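For reference, the structure discussed in these notes is given below.
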């Protein structure tokens with residue numbers, strides 16, 4: 221039977237039927253996704269046949285491969301962006317023509333689990349939330365270390381923080397259509413490439429007092445292959461840099477996922493360990509200083525280590541925690557750079573104001 225979703229909590233009355241049906245429109249932006257599209261569409265097509273979702277809209281964002289042919293052959297609703305809008309702009313274009321009450325955004329390299337639509341609908345029904353998002357599972361298809369590491373870290377954070385959330389994720393996340401349109405959709409002008417457009421949308425939803433729920437049971441398998449080059453470029457230029465600027469441009473942003481207080485402590489410990497090793501190597505501090513720093517990092521990351529160990533064994537866990545300290549280092553460096561950037565901007569504004577008012 222079709223998945224059913226109740227109305228938002230603020231819209232309910234005693235006369236409302238909490239099981240009233242709401243159609244789900246799946247929106248999938250794609251650029252040159254011919255190698256993954258058949259796999260990612262397969263479970264969604266099965267859900268459509270079962271009546272669990274109303275439609276699948278694929279937006280070809282200027283692909284130069286066989287993306288359009290594959291999507292068209294599968295029988296989905298096909299849209300063309302007319303160029304490179306970026307994923308945010310492509311999603312916005314589909315949202316305006318979608319027929320469903322719920323817009324379920326799924327990335328082209330995510331294969332959702334067979335029960336994902338049912339889990340998504342159940343989460344909306346229980347919570348009355350404006351938006352719900354899920355998680356990657358523990359079984360990424362990439363077998364190299366960085367693909368395993370990156371996807372397992374994502375899985376770890378999303379499963380650790382289930383429940384009410386202060387952010388949003390568009391890899392496998394849904395928003396009520398009326399809410400999405402009312403808040404203006406994704407900021408496609410600021411984020412022309414895959415970046416933090418989903419996080420920024422979540423910030424605006426929360427600033428409107430709307431509820432977002434992280435439902436880790438809504439899962440998908442990630443097909444992306446991470447290499448050192450694309451991982452560092454994505455983490456630094458598509459995530460850490462715009463995210464740090466967003467944090468410093470808006471006051472009162474809540475802690476969320478991997479920028480909460482605990483993660484800041486972990487980042488400080490990673491920086492401290494790095495400095496301790498450098499200073500000990502230069503014989504400026506005794507050797508017990510980096511030993512204590514290593515012990516502190518080990519204690520702070522014990523939960524992450526245990527997750528890695530359960531998933532891939534102790535040697536992977538050691539390597540994963542070690543690489544995660546590098547992540548903390550470059551993310552902290554980017555945040556510090558953005559802080560200095562903001563101070564320089566504020567100082568420049570102040571000096572210009574002084575000059576304007578000088579006699």
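In this note's numbering, the protein residues as written are 221 to 579. C-beta atoms are modelled at their ideal positions from N, C-alpha and C, and glycine is treated no differently. Note that this is a predicted model, so its numbers are computed, not measured.
Reference residue i; option with closest CA among the options
i	options	result
residue 314	578, 405, 386, 491	405
residue 274	388, 280, 319	319
residue 546	455, 258, 508, 466	455
residue 326	307, 526, 342, 317	307
residue 393	407, 418, 412, 377	418
residue 348	544, 441, 431, 542	431
residue 310	440, 564, 408, 497	408
residue 561	278, 410, 466	466
residue 440	258, 574, 552, 263	263
residue 382	242, 259, 433, 483	433
residue 377	400, 569, 521	521
residue 258	398, 485, 242, 332	332
residue 452	490, 551, 387, 481	551
residue 565	268, 468, 488, 386	468
residue 519	242, 373, 486	486
Same chain, Cβ closer than 8 Å to residue i, neighbours up to 5 away in sequence not counted
i	result
residue 380	523
residue 265	276, 294, 295, 296
residue 403	421, 424, 425, 428
residue 509	496, 499, 500
residue 317	277, 299
Bridge-paired residues (DSSP) for residue i
i	result
residue 355	439
residue 383	434
residue 297	277
residue 249	279
residue 393	325, 353
residue 244	322
Beta-carbon proximity list for residue i, same chain, < 7 Å, skipping 5 on both sides
i	result
residue 302	none
residue 256	328, 329, 443
residue 494	549
residue 365	539
residue 312	405, 406, 408
Distance between residue j and residue i (C-alpha atoms, nearest Å)
i	j	result
residue 291	residue 539	39 Å
residue 335	residue 438	8 Å
residue 345	residue 330	24 Å
residue 384	residue 288	37 Å
residue 536	residue 367	12 Å
residue 462	residue 416	7 Å
residue 534	residue 517	17 Å
residue 248	residue 413	15 Å
residue 515	residue 270	53 Å
residue 563	residue 459	21 Å
residue 527	residue 512	23 Å
residue 544	residue 576	48 Å
residue 573	residue 410	28 Å
residue 507	residue 492	14 Å
residue 280	residue 305	10 Å
residue 246	residue 371	23 Å
residue 481	residue 504	31 Å
residue 457	residue 449	12 Å
residue 529	residue 397	40 Å
residue 447	residue 369	11 Å
residue 483	residue 388	18 Å
Own chain residues within Cβ distance below 6 Å of residue i, not counting five before or after
i	result
residue 395	323, 351
residue 358	375, 531
residue 557	none
residue 283	251, 252
residue 435	343, 352, 354
residue 464	554, 555, 558
residue 567	none
residue 285	252, 254
residue 390	325, 418
residue 445	362, 367
residue 585	Only positions 221 to 579 of the chain appear in this structure, which leaves residue 585 out of reach.
residue 490	545, 548, 549
residue 399	350
residue 261	294
Minimum Cβ-Cβ distance from residue i to chain B less than 7 Å
i	result
residue 463	No chain B is part of this structure, which consists of one protein chain only.
Ignoring anything shorter than 3 residues or poking outside the region 288-338, list the beta strand (DSSP E) runs there in chain order.
DSSP assignment within the region 288-338 yields the following whole beta strand (DSSP E) runs of 3 residues or more, N-terminal first: 297-300, 322-326, 330-332.
Which runs of the alpha helix (DSSP H) fall wholly inside the region 495-545 and span at least 4 residues, in chain order?
Uninterrupted alpha helix (DSSP H) stretches at least 4 residues long and entirely within the region 495-545 occur at 508-520, 522-532, given in chain order.
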